[in-house]
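Residues in the sequence shown are numbered consecutively from 211, following the numbering used here. Positions of the beta carbon are idealized from the N, C-alpha and C atoms, including for glycine.
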Amino acid sequence: MTETITHVAVKKLNKFKSISSGEIETSYYEVLPDIEIYKDQRDCLVIRASKISNNSVFTNDIVRLISDNQFEWLGRFDTVINSGGVKLHPERIEEKLSKGITTRFFLAGIPDSILGEQLILVVEGSFQTIDTTQLNLSKFEIPKQIYFVDEFAQTPTKKIARKKTLALLSF
């Protein structure tokens with residue numbers, strides 16, 4: 211059985227304090243009234259909405275709790291890449307890479323005999339030079355390999371089928 215709970219928190223999407231100042235702020239998710247949040251042992255968000263259900267909802271969303279009613283979303287538990295003991299959240303790194311890559315792409319972890327998993331970048335389309343030096347990536351966030359695929363495998367709803375696309379590559 212799949213449980214779904216929606217509209218438990220809000221986040222300011224534009225990152226400016228004011229249009230005139232041009233200052234950028236970090237915006238966290240803020241939970242709505244009568245919603246309680248905490249983390250489980252995996253650091254994933256747990257939601258308690260006692261007016262809706264007696265049961266807590268355990269998510270696969272890794273978060274950093276800022277306060278009792280604020281959190282920062284870091285990524286999905288099922289996509290974490292453990293590279294040499296460093297936990298990498300592809301969604302966060304992809305956000306940085308999107309400033310320098312104009313075609314569809316995704317990050318993945320592939321087995322590595324030394325690191326456990328190696329961070330790779332998979333890009334749709336023909337070969338192109340990708341300059342990561344201006345993207346504010348840490349040394350751990352720089353992909354060790356870049357692969358190009360003519361066309362990504364897709365789900366029926368046109369999302370990237372990451373596992374099927376990775377199967378097209380030979381490692």
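Going by CA-CA distance only, name the one from 278, 218, 222 and 269 that's closest to residue 261. When 278, 218, 222 and 269 are compared, the shortest CA-CA separation from residue 261 is found for 218.
The beta strand (DSSP E) that contains residue 249, what's its start and end? It spans 246-249 - the beta strand (DSSP E) in which residue 249 sits, taken as one unbroken run.
Assuming residue 247 and residue 281 make a contact with CB atoms under 8 Å, what is their CB distance in whole Å? With a contact defined as Cβ atoms closer than 8 Å, residue 247 and residue 281 qualify at about 6 Å.
With 16 other Cβ atoms within 10 Å as the buried cut-off, status of residue 365: Its Cβ having fewer than 16 others within 10 Å, residue 365 is exposed.
Quick check on this structure: which residue in 327, 332 and 323 has the alpha carbon closest to the alpha carbon of residue 350? Nearest of 327, 332 and 323 to residue 350, Cα basis: 327.
Do you know how far the Cα of residue 311 is from the Cα of residue 231? In this predicted model, residue 231 has a pLDDT of only 49, less than 50, meaning its place in the structure is not dependable; the value taken from the coordinates is given anyway. About 29 Å.
With DSSP as the reference, please indicate the residues paired to residue 297 in a beta bridge. Answer by DSSP bridge pairing, in chain order: 292.
What three-state label does DSSP hand residue 233 in the structure shown? Low confidence applies here, because residue 233 scores a pLDDT of 49, under 50, leaving its location unreliable; read the following figure in that light. Secondary structure of residue 233 (DSSP, three-state): coil.
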